[in-house]
Amino acid sequence: MSERAGTPVDGATVEIIRNYLLSAVEQMRRTLVRTAFNPVIYEVLDFGISLYDARMRLIAEAPGITSFLGANDFAIVKGVEYVGVENLERGDVVMLNYPYWNSAHTYDALLFAPVFHGPDERPTAYLCVRAHWMDLGAKDPGYVLDSTDMHQEGLILPGTKIVKRGRIDREILEIIRFNSRLPDIVTGDFHAQLAAINVGERRVLEIYEKFGRGVVAQAVEQILDHGEQLARQAVRGLPDGSWTAVDWLDDDGISDEMIRMEVTVTIDGDRFSVDWSGSSAQVAGPVNMPFGATQSFTKVVFKGLTTPREPANAGHYRNLEVAAPPGNLFHAVYPAATFTLWTEMVAFELIHKALAQGLPHIAASSGGDEPGFMALGVLPTGDPFVISNNEGVGWGAAPDHDGANALQHLSTSVVRNTPIEVLEHKATLLHERMELRTDSAGAGRYRGGLGIRRDVRFTADGEVLSMKKKTKTRPWALAGGHEAETNGMTVYPGTPKERRIGMRRAPMKAGERFSNVSAGGGGYGDPLRREPERVVEDVLNGYVSPGAARAVYGVIVHPDGRWEPTPSRTSGEE
Amino acid sequence: MARFALSFDIGGTFTDFVLFEIGSKHILAYHKVLTTAREPAQGVLQGWREVIQEHNLAPSDIVLAVHSTTLVTNAIIERRGAPAGLLTTRGCRDVLEIGREQLYDIYDLFAPYPSPLIPREHRIDIDERLAFDGTVIDPLDPADVVSAARALVAAGIESIAVSFLHAYKNPRHEELAAEAIKGAFPDIDVSLSSRVAPLIGEYERTSTVAADAYVKPKVRHYLQDLVGRLRALGFASELYVMLSSGGTTSASVAAEYPIRLLESGPAAGALAGSFYGHLVGRDEVVALDMGGTTAKLCLIENGKPDVARMLEVDRMHRFKPGSGLPVVVPTIDLIEIGAGGGSIAWIDELGLLKVGPQSAASDPGPACYGRGGEPTVTDANLILGYLDPGYFLGGRLPLDRDAAERAIRSSVAQPLDLDLVTAAWGIHSIVNESMAAAARLHILERNRDPRDVALFVSGGAAPAHAAAVARLIGIQTWIVPLGAGVASAIGALVAPLSFSFTRTYLTTLDTVPTEPIERIYEQMGQEARRMLMASGVTADAVDVRRSVDLRYAGQYNELDVPLPEKILTEGWQERLRATFVARYRQRYGRDIGGLAVEALHWKLVAEGGGARISLAEAPPAPPATDVAAARKARRLVYFPQPEPGYVDCPVYDRYRLTPGARLAGPSIIEEREATIVLWPGDDARVDEYRNLIVTLREEW
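Chains as they are written, first to last, in the working numbering: chain A, 125 to 698; chain B, 39 to 738.
So, in structure tokens, the structure goes:
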């Protein structure tokens with residue numbers, strides 16, 4: 125059913141309609157953030173909001189977490205297919221968290237709603253609000269690191285009308301409540317998502333009223349075509365070629381074996397394809413990726429390379445192809461476990477690694493993945509707590525500048541850390557150190573950014589979860605730069621129990637410690653060619669130790685800031 | 039003897055003066071001199087002398103002077119502060135650099151960040167530790183502080199910031215550190231996080247105290263110098279300084295809290311909005327100030343501008359939150375939009391018309407300035423007939439209509455295959471839409487009906503856009519004061535003597551004991567009284583307002599809820615809770631029964647003396663039944679409705695419109711610094727203060 129009015133709408137009107145659509149999703153975003161009860165939504169921004177036209181093409185999006193951009197695109201199609209478009213009625217809201225359809229793990233609850241304009245029998249538009257729920261009854265509290273099939277990962281709603289013609293289905297809500305360890309928070313967030321949908325519906329209908337349905341439909345066509353042209357033009361500007369890169373995931377949480385990830389990126393004229401087929405088959409543990417999630421993070425990387433300044437719409441992805449055969453690590457099929465989505469963080473950078481072989485303006489690896497942690501325990505008041513904190517990493521050096529220190533990983537880049545003062549209020553933790561890690565960055569003519577070292581003591585018994593999947597191999601470098609120090613966590617440091625862990629849980633007694641360290645960014649170019657003045661500045665600021673300055677950069681720095689080159693630097697000079 | 043008040047605002051290009059006669063309650067003069075960036079006091083002196091001479095005043099006739107300035111912002115942006123050092127808790131010296139770790143632009147992997155104001159080599163950590171509740175875990179040894187300070191002084195540091203973990207809960211360690219530093223190095227400035235920003239969140243607090251320390255020596259010297267020079271001119275009264283919270287304080291108190299001077303100029307503009315709104319009996323106002331480069335929007339609720347807890351300075355991307363250094367000081371909540379008269383129109387690669395955020399600024403300026411500039415909003419307004427090429431800035435800057443036409447034709451109309459007028463209208467409407475979108479978002483977010491809100495417009499460009507912007511938002515009344523182009527300077531004069539304090543005490547409302555809250559208010563109240571009395575207010579004239587930031591436990595956004603009780607009596611927690619629940623319902627339209635309510639920030643605003651000036655009604659004049667006398671010309675002006683096209687419109691002289699005058703659109707009303715455009719369907723009247731009040735006729 126085409127809604128094309130045929131007559132093109134002028135560029136000024138299209139721009140105004142585009143702004144109206146964006147403002148509608150922005151209002152949805154604000155409503156969600158202001159009314160949610162769960163810090164993972166309002167601090168970690170673990171949500172995704174989007175607006176689709178009648179053909180389920182993305183027309184506007186409000187960014188939450190980076191890797192959720194585009195996740196709804198796959199899910200809305202699957203969800204509507206499952207329910208049947210003819211069964212959707214005014215006022216319905218459908219919930220979907222079946223991982224192979226919803227493009228993420230089971231705790232990412234997607235609510236979607238059809239919007240009906242006028243007397244239409246079929247939806248004119250669809251609204252999606254996805255948010256991470258704190259608990260839906262999976263095998264462990266907090267996060268699941270070692271499930272071996274979907275049924276250990278919580279309650280599944282495959283596309284279930286939780287609101288029917290404007291009335292909440294109390295029975296379904298009760299099933300959810302009784303299957304959650306945190307029923308109040310979960311229902312609070314459900315209501316926040318509903319509030320966002322309500323706001324979105326009002327705004328979208330206003331836009332149709334204001335401009336007329338035909339004009340909006342025609343403007344949407346032009347917006348999407350415009351997006352497509354931008355993306356094609358950008359890809360045409362890139363060199364043609366096909367490049368393959370390999371990286372390793374630490375393990376699947378069940379065995380200790382590293383898991384191979386392989387990507388081939390091909391640029392051919394204005395088309396861009398990303399093929400994950402060379403990767404491992406799906407594995408026993410929960411690191412498998414639903415195919416929708418693979419498409420989603422691939423889109424984000426692609427968009428960053430092609431149309432970074434444009435709010436996303438379906439047009440931007442028309443020249444992108446994503447491939448992974450069913451049963452692959454990147455195309456999990458039932459009943460594969462999919463809870464631990466860290467695979468996408470490592471894979472995110474792998475596309476860059478492949479492209480770096482052919483494209484000039486790619487930065488080295490930014491730490492490899494997001495190395496956060498969670499802590500569980502009981503407050504002195506007797507209330508249990510679960511806190512989660514993402515940790516910044518050093519970003520990779522680029523061909524013309526150093527990587528940034530301590531920023532969130534590319535795949536979670538809009539997230540903020542939680543202040544120490546808040547963490548110590550909400551959890552029985554005491555920070556002994558949170559500092560930049562000297563020498564953690566990969567050296568280079570441009571060096572990577574520095575990672576962080578965070579030393580924390582438990583003041584009461586509890587448990588720590590180390591959340592990271594790239595601790596065994598180093599963040600990669602480019603053009604003769606050096607690799608960086610890795611992510612990791614050391615539990616019980618300085619005691620006989622001391623050990624370094626990747627993605628694992630560890631019990632903590634009062635007084636016991638963990639040290640969470642985040643990786644640096646890879647270096648770019650030969651460190652012996654780094655300007656000596658910058659090496660001196662790095663040493664004075666403690667980013668680089670005097671020993672590394674001498675051994676790696678070939679610069680002897682004196683405490684007063686004077687310096688001299690070592691023979692390795694002078695012999696390198698022509 | 040006549041008594042006068044003088045307000046002066048040092049902006050990037052001009053230093054503006056407004057002279058007000060206190061007895062007659064009339065604004066006597068607006069005056070502009072070029073800002074002398076290197077030594078701003080020089081420009082102030084020049085303008086001051088000129089104003090005094092022009093009006094034959096004696097130096098002592100000026101009994102009140104209020105100053106707003108961008109000095110602090112500029113010192114930070116241009117990194118021209120004093121070399122500063124930072125002392126932190128052991129292990130935490132990188133808090134200032136690590137920040138919140140957030141990338142502000144989701145796709146731009148090379149987005150730049152401002153560098154920290156204090157480099158790592160000047161950040162030293164000290165052995166000391168407080169627990170989250172303020173109890174001491176590791177005591178502080180003042181000798182450690184002295185040796186750290188010695189190292190910093192030896193490195194050339196002039197000012198030291200101290201920021202310890204949980205100091206907002208217990209300032210004792212920071213105070214001990216200050217005593218130790220002052221004892222050993224009396225000439226070094228010291229700023230404490232527990233005084234500057236006693237709020238939870240170590241990064242934002244440290245960032246604030248670092249900025250305070252960084253600008254403190256400079257602000258102190260500047261204000262001392264300025265007051266000294268004004269004294270030499272014979273000015274004998276107190277100089278007041280505008281704070282970003284919308285209050286004013288004496289120059290000497292301002293020097294103690296220099297970081298509170300950030301955004302003092304824009305704050306004055308928002309106050310003008312609430313002042314004029316009050317004057318015409320409107321408590322719900324959107325104040326829109328649109329100048330050459332940007333537009334600023336402020337929502338005024340219940341007669342007061344919204345005050346935010348935080349702002350960002352030195353943004354790498356002007357309109358991107360997260361790209362600057364956070365400063366937590368009470369600040370009038372302004373939204374800045376890249377839409378001004380100078381905003382440049384351009385076509386993206388694929389044929390969409392865009393306007394801004396780049397601005398043609400004053401050089402080369404819009405195409406119609408005839409200096410080779412690109413097409414801008416001003417050019418579009420000229421083509422549409424909104425501006426008179428011979429009466430821009432009262433005729434001081436003749437505009438070149440042909441140049442505007444050429445620029446719009448070649449850069450917009452031809453590439454888009456549009457005619458000139460459609461292209462010009464497109465440019466005009468895109469900026470309108472971006473202003474309206476921001477306003478709409480804020481009005482709807484607060485669950486307000488736009489029809490209950492009035493639009494107040496100031497700045498040179500806003501009055502030509504107000505009719506369209508009001509329609510887009512759904513607002514039915516808009517207000518243009520006389521002298522709209524410089525109205526914001528009035529804001530500084532009407533600002534009360536006022537100081538705001540905020541302190542974090544995180545607790546749930548049903549469990550909060552009375553005693554610590556009383557103590558917090560006692561401390562803040564004492565401090566406030568001290569500052570107001572230092573600014574010349576008598577103790578009995580101090581008026582104190584308390585409020586609390588509350589939210590449902592687990593939520594993120596708080597609501598500001600008044601705590602009217604001066605002494606907390608039995609049951610105050612329940613009464614506060616009830617007020618919160620009512621406000622939440624008003625704001626979000628729903629109740630969330632049974633949930634715990636959490637309190638975060640306890641706030642106090644102390645004011646002294648009330649508003650210092652009031653405007654008089656216009657002198658009696660014969661009721662203006664006939665506006666024909668004010669008509670000075672006719673010209674063709676474009677309107678999109680009822681039928682798109684040019685209409686022959688009367689042009690009125692604003693200065694000849696007297697109270698009681700009534701006008702109907704379509705028409706144009708000109709004053710020197712601004713042109714007001716009335717659309718078909720607009721009714722306007724001149725009120726007793728000579729404000730123009732425009733209403734949308736129902737049938738439209």
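For every residue, glycine included, the Cβ atom is placed at its ideal position computed from N, Cα and C.
Rounded distance between the beta-carbons of residue j and residue i, thought under 8 Å
i, j, result
"residue 544 of chain A", "residue 203 of chain B", "6 Å"
"residue 650 of chain A", "residue 569 of chain A", "6 Å"
"residue 632 of chain A", "residue 579 of chain A", "Rounded, the Cβ-Cβ distance is 13 Å, inconsistent with contact."
"residue 538 of chain A", "residue 187 of chain A", "7 Å"
"residue 199 of chain B", "residue 251 of chain B", "4 Å"
Cross-chain neighbours of residue i in chain A, by beta carbon under 7 Å
i, result
"residue 186 of chain B", "Those do not exist, as residue 186 of chain B stays about 15 Å from chain A at its closest Cβ, beyond 7 Å."
"residue 467 of chain B", "136 and 140"
"residue 204 of chain B", "545"
"residue 677 of chain B", "In chain order: nothing, as chain A lies at least about 16 Å away."
"residue 140 of chain B", "532, 538, 539 and 540"
Closer than 8 Å at the beta carbon, the chain B residues around residue i
i, result
"residue 558 of chain A", "129, 130, 132, 133 and 136"
"residue 161 of chain A", "590, 592 and 593"
Where the beta strand (DSSP E) through residue i begins and ends
i, result
"residue 623 of chain A", "623–625"
"residue 288 of chain A", "282–288"
"residue 147 of chain A", "Unbroken run through residue 147 of chain A is the alpha helix (DSSP H), 135–159; no beta strand (DSSP E)."
"residue 504 of chain A", "Note, residue 504 of chain A: premise wrong, no beta strand (DSSP E); not H, not E."
"residue 412 of chain B", "Here residue 412 of chain B belongs to no beta strand (DSSP E), and DSSP marks it neither H nor E."
"residue 382 of chain A", "Neither: residue 382 of chain A is in no beta strand (DSSP E) and is coded neither H nor E."
"residue 396 of chain B", "391–397"
"residue 337 of chain B", "333–339"
Interface partners of residue i on chain A, CB under 8 Å
i, result
"residue 472 of chain B", "143"
"residue 238 of chain B", "543, 545, 546 and 549"
"residue 170 of chain B", "545, 548 and 549"
Chain-ordered neighbours of residue i on chain B, where CB pairs are closer than 9 Å
i, result
"residue 522 of chain A", "147 and 148"
"residue 432 of chain A", "143, 144, 145, 146 and 147"
Start-to-end residues for the alpha helix (DSSP H) that takes in residue i
i, result
"residue 220 of chain B", "210–222"
"residue 477 of chain A", "466–479"
"residue 562 of chain B", "552–572"
"residue 709 of chain B", "No alpha helix (DSSP H) holds residue 709 of chain B; the beta strand (DSSP E) holding it covers 705–709."
"residue 170 of chain B", "It is not in any alpha helix (DSSP H) - residue 170 of chain B carries neither H nor E in the DSSP assignment."
"residue 316 of chain B", "302–317"
Listed by chain order, chain A residues near residue i by CB distance under 9 Å
i, result
"residue 460 of chain B", "134 and 136"
Chain B residues whose Cβ lies nearer than 7 Å to that of residue i
i, result
"residue 419 of chain A", "What residue 419 of chain A touches in chain B: nothing, since even the nearest Cβ is about 17 Å away."
"residue 664 of chain A", "159"
"residue 166 of chain A", "594"
Do the segment 636–656 of chain A and the segment 611–625 of chain A make contact, defined as three or more Cβ pairs closer than 8 Å? yes
Three or more beta-carbon pairs under 8 Å between the segment 277–296 of chain A and the segment 255–262 of chain A, yes or no? yes
Is the number of C-beta pairs between the segment 228–239 of chain A and the segment 317–331 of chain A that are closer than 8 Å three or more? Segments in contact, yes.
Taking the runs of the beta strand (DSSP E) that are 3 residues or longer, which of them lie wholly in the segment 190–269 of chain A? Runs found: 217–220, 232–239 and 249–256.
With three or more C-beta pairs closer than 8 Å as the rule, is the segment 518–537 of chain A touching the segment 676–696 of chain A? no
Entirely within the segment 421–504 of chain B and at least 4 residues each: give me those alpha helix (DSSP H) ranges in chain order. 439–446 and 458–483
Any beta strand (DSSP E) of 3 or more consecutive residues that is wholly inside the segment 88–157 of chain B: 100–107 and 122–127
Would you say the segment 375–391 of chain A touches the segment 152–172 of chain A, given that touching needs at least three Cβ pairs under 8 Å? no
Segment contact flag, the segment 583–603 of chain B with the segment 301–309 of chain B, C-beta cutoff 8 Å, min 3 pairs: no
Residue ranges of each alpha helix (DSSP H) run of no fewer than 4 residues wholly in the segment 604–633 of chain B, ordered along the chain? Runs of the alpha helix (DSSP H) inside the segment 604–633 of chain B: 610–626.
The segment 274–286 of chain B / the segment 501–516 of chain B touching (three or more Cβ pairs under 8 Å): Touching, no, given that fewer than three Cβ pairs across the two stretches are closer than 8 Å.
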